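*Asks:* So that we are looking at the same thing, I have put the structure below in structure tokens.
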Amino acid sequence: MQKKFLLAIGCVAALGAGAQIASKTSPSASPGGETGQMAQVRNDILALSPEAEAIGKYGLLPVSLHTGIPNISIPLHEIKTPNLSLSFSLNYHYNGYRPTEAASWAGLGWSVQG
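Going by this note's numbering, the letters in the sequence shown line up with residues 1474 to 1587, in that order.
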């Protein structure tokens, strides 16, 4: 009984190990005549809808991958002298909405750094 159980476990392990080996064959042609996966989107065939275009602009914002907080910095002015360079920027930091928090003169969540 124990030998049959060990044999069954060995067969399952051998099948599972074989499933992890990558295929060495070339990709087959897709119905559209393209080779490889159809993960590549062809934008020249169909235009995106206005809603999809509007969502796409949010992918351009730099976001911290750890916290999800956007890293928005707008350079305002740079003072250059022969010995020193001083730059001023407007930075945004979102701490969540707090109704009791008062906005600064730059705006809620915005600060001037320089």
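Glycine residues also receive a C-beta, built at the ideal position from the N, C-alpha and C atoms. Just so we're clear, the structure is a prediction, and the values are computed from it rather than from any experiment.
1. Going by the CB atoms, is the gap between Asn-1564 and Ser-1584 shorter than 7 Å?
2. Please confirm whether His-1566 and Gly-1582 have their CB atoms less than 7 Å apart.
3. Suppose contacts are defined by Cβ-Cβ distances below 7 Å. Is Ser-1546 in contact with Ser-1562 by that definition?
4. Put Gly-1483 into one of helix, strand or coil per three-state DSSP.
5. For Ala-1502, name the three-state secondary structure that DSSP assigns.
6. Quick one: what's got a C-beta closer than 7 Å to Ser-1501's C-beta in the same chain, skipping five residues either side?
7. Could you compute how far the alpha carbon of Tyr-1570 sits from the alpha carbon of Ile-1482?
8. Indicate the three-state DSSP secondary structure (helix, strand or coil) for Gly-1529 in the structure shown.
9. Out of curiosity, what's the CA-to-CA distance linking Ser-1499 and Gly-1587?
10. Since Ser-1669 and Pro-1548 should fall inside the 8 Å C-beta cutoff, what is the C-beta to C-beta distance between them, to a whole number of angstroms?
11. Could you check what DSSP says for Pro-1588 in three-state terms: helix, strand or coil?
*Replies:* According to the structure data:
1. Taking the first residue of the sequence shown as position 1, residue 1584 is located at position 111. Taking the first residue of the sequence shown as position 1, residue 1564 is located at position 91. For Ser-1584 and Asn-1564, yes; Cβs fall inside 7 Å.
2. Working through the sequence shown from its first residue, we reach residue 1566 at position 93. Working through the sequence shown from its first residue, we reach residue 1582 at position 109. Yes, the Cβ-Cβ distance between His-1566 and Gly-1582 is below 7 Å.
3. Within the sequence shown, residue 1546 is the residue found at index 73, counting from 1. Within the sequence shown, residue 1562 is the residue found at index 89, counting from 1. A contact, by the Cβ cut-off of 7 Å.
4. Here residue 1483 corresponds to residue number 10 of the sequence shown, with the count starting at 1. Correct three-state label for Gly-1483: helix.
5. The count along the sequence shown starts at 1 and reaches residue 1502 at position 29. Note that Ala-1502 scores a pLDDT of 47, beneath 50, so its modelled location is shaky and nothing firm can be said.
6. The residue you call residue 1501 lines up with position 28 of the sequence shown. In this prediction, Ser-1501 scores a pLDDT of 49, lower than 50, which makes its location untrustworthy; no coordinate-derived value is stated.
7. Along the sequence shown, one-based indexing puts residue 1570 at 97. Along the sequence shown, one-based indexing puts residue 1482 at 9. In a straight line, the C-alpha of Tyr-1570 is about 55 Å away from that of Ile-1482.
8. On the sequence shown, residue 1529 is found 56 positions in, with the first residue counted as 1. Residue state, collapsed to three classes: helix.
9. Numbered from 1 along the sequence shown, position 26 holds the residue referred to as residue 1499. Numbered from 1 along the sequence shown, position 114 holds the residue referred to as residue 1587. Any reading at Ser-1499 needs caution, since the residue's pLDDT is 48, under 50, leaving its predicted position unreliable; the model's value is listed next. Going from the Cα of Ser-1499 to the Cα of Gly-1587 covers about 56 Å.
10. Nothing about residue 1669 can be reported from this structure: the residues present for the chain run from 1474 to 1587 only.
11. Lying before the first or after the last residue shown, residue 1588 is absent from the chain, which here runs from 1474 to 1587.
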